[in-house]
Amino acid sequence: MKFPSREWCEAAAVAMLGDPAVTSAIADFGPVVAGIVVEKGGGLSEDFCALARIEPGKPVKLSYPQDEDELEEFEPDYIGWASYPLCKQLLEQTMLGLRPDPLRAILERKVRLHGDLERLVRHAGRHKGAGLDALRGLPTEFV
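Sequence positions in the sequence shown follow this note's numbering and run 16 to 158.
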């Protein structure tokens, strides 16, 4: 499956909900609406936007706004802007069995974030690495 794509995101959501570490993290964090803008560059010809509505004990509801303006209209709790090359690097490290830290990328300002950073840091520390094993099993092809 190509990353980024709707197909890849749908498969990732299903895989991650099969990981007990992820379901525990969702239960701890509580309901959240989060968006991502994978910014064009490095072979990606246009921005890719996704919005996830995440609630404990329920399937993730995904939608794909046309652009970041449309994404912002949904007023999600969090929006992250990350370059395609950075996303690719983090996923490649995950596929190799390494444990990249997306929170570090946020704290180092490699990823721009809108939302409650303090809450995110507090919960991320308790659930470090949740979901990495689930993503490792996804067939991923980069653009």
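Beta carbons: idealized from backbone N, C-alpha and C, even for Gly.
Keep in mind the model is a prediction, meaning the values are calculated, not measured.
With the cut-off set at 9 Å, would you say residue i and residue j are in Cβ contact?
i, j, result
"Met-16", "Trp-23", "yes"
"Asp-116", "Lys-73", "no"
"Cys-64", "Val-47", "no"
"Gly-58", "Val-126", "no"
"Ile-94", "Glu-70", "no"
"Leu-106", "Leu-150", "yes"
"Ser-20", "Ala-145", "no"
When DSSP labels each residue in this structure, what does residue i get in the three-state scheme?
i, result
"Val-53", "strand"
"Phe-89", "coil"
"His-129", "strand"
"Ala-65", "strand"
"Lys-73", "coil"
"Gly-144", "coil"
Roughly how many angstroms lie between the CA atoms of residue i and residue j, to the nearest whole one?
i, j, result
"Ala-28", "Lys-76", "9 Å"
"Leu-111", "Pro-80", "31 Å"
"Glu-25", "Gly-45", "21 Å"
Is the Cβ of residue i closer than 9 Å to any Cβ of chain C?
i, result
"Asp-34", "Absent from the structure is chain C; it holds one protein chain and no more."
To the nearest whole angstrom, what separates the beta carbons of residue i and residue j, a pair I think is in contact under 8 Å?
i, j, result
"Leu-66", "Pro-91", "6 Å"
"Arg-114", "Leu-153", "The pair is not a contact, with the Cβ atoms about 16 Å apart (cut-off 8 Å)."
"Phe-89", "Gly-50", "7 Å"
Hey, out of the options, whose CA is closest to residue i's CA?
i, options, result
"Val-136", "Leu-122, Ala-145 and Ala-149", "Leu-122"
"Gly-56", "Asp-84, His-138, Arg-124 and Trp-96", "Trp-96"
"Asp-82", "Pro-100, Glu-61 and Asp-43", "Glu-61"
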